[in-house]
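Note that the sequence shown ends on residue 223 in this note's numbering; no numbers are left out.
Glycine included, each C-beta is placed from N, C-alpha and C at the ideal position.
Fair warning: this is a prediction, and the values are worked out from it, not measured in the lab.
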Amino acid sequence: MPIVAPSLLAADFTRLGEEIEMINRSEADWLHVDVMDGVFVPNISFGEPVMKPLKKLCEKPFDVHLMIIDPDRYLEYFKDLGADILTVHYEACNHLHRTVAAIKELGMKAGVSLNPHTSVSLLEDILADVDLVLIMSVNPGFGGQKFIERTYEKVRKLREMANELNPNLIIEVDGGVNLENAPKLVNAGVDALVAGNSVFKAADPAAVISGLKRA
Ligand code: DX5
Ligand code: ZN
């Protein structure tokens, strides 16, 4: 069964408490938390004022996706805000090996995310050191975009690399994931599905989460 991580970005922010209660009662494994700085991506999301109270309510681990430049400055900050998994972008790090080591030293699982244009082959020399790779299946910055079909091929290639270099690697896909493409993604080798709009904009979000678990 895949890990399912609903993306908070698509939640109704006028009733966040209820949305988290729904996540707690659902079969969701993690809460995916998108942090955007308006520089690495053309959008600004949220930080401490949202994450701190939600950490008290949410019973699921925080899967934090940093879409920010210079993430090294904020690793401890996000640890203190309750990040269990901390994912940085390959494109935002000059010294990725050092960043990954620092995340792990802080006691979090370390993830690396790739934009759609970034080849999985660039991860060859870091793959053994990371816990998770997050393949973006849309250009980061916004929810509700169209899934990029090329993703399946990237997942298959990364799974092959991981079989050799890091069999425990968690492969996560983020962007435009829904009940239709989820089974194909799992088939290609995905372990964790992030889903924003397909979950939170549904009439019955918990039912969509259950459906994704059975993808
Ligand atoms: C996009 C974010 C995603 C987004 C996914 O930059 O990283 O996590 O919330 O939303 P959907 O599933 O609606 O594409
Ligand atoms: Zn994300």
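- Only exposed fits alanine 109, as fewer than 16 other CB atoms lie within 10 angstroms of its CB.
- Going by beta carbons, alanine 18 and phenylalanine 208 fall inside the 8 Å limit.
- Taking 8 Å as the cut-off, the Cβ atoms of proline 213 and methionine 30 count as close.
- At a threshold of 7 Å, aspartate 137 does not count as near the ligand ZN, since its beta carbon sits no closer than that to any of the ligand's heavy atoms.
- Boundaries of the alpha helix (DSSP H) around methionine 169: 159-173.
- Taking all protein chains in view, the Cβ of glycine 115 is surrounded by fewer than 16 other Cβ atoms within 10 Å, so the residue is classified as exposed.
- Only residues of its own chain outside the window of five on either side were considered, and among them Gly90 have a CB closer than 6 Å to the CB of lysine 63, listed in chain order.
- Valine 96 is classed as buried because its beta carbon has at least 16 other beta carbons within 10 Å across all chains shown.
- Ordered along the chain, residues surrounding the ligand ZN are Ser15, His40, Asp42, His73, Asp182 and Val202 [Cβ under 6 Å from any heavy atom].
- In chain order, Ser206 place their CB closer than 6 Å to the CB of asparagine 186, counting only its own chain and leaving out the 5 sequence neighbours on each side.
- Rounded to the nearest angstrom, the Cβ distance from isoleucine 143 to isoleucine 179 is 7 Å, consistent with a contact under 8 Å.
- If only uninterrupted beta strand (DSSP E) runs of at least 3 residues are considered, those enclosed by the stretch 61-149 are 70-75, 91-97, 117-122 and 140-144.
- Isoleucine 28 places its beta carbon 8 Å or farther from that of phenylalanine 48.
- Cβ-Cβ distances below 8 Å link proline 191 to Ala223 in the same chain, with the five nearest sequence neighbours on each side left out; the list follows chain order.
- If you ignore the 5 residues before and after lysine 60, its C-beta comes within less than 7 Å of the C-beta of Leu89, all in its own chain and listed in chain order.
- Residue state for proline 50 is assigned as coil, using DSSP reduced to three classes.
- Under a 10 Å Cβ-count criterion, aspartate 71 is classified as buried, with 16 or more other Cβ atoms of the shown protein chains found around its own Cβ.
- Burial state of serine 129 is exposed, judged by a 10 Å Cβ sphere holding fewer than 16 other Cβ atoms.
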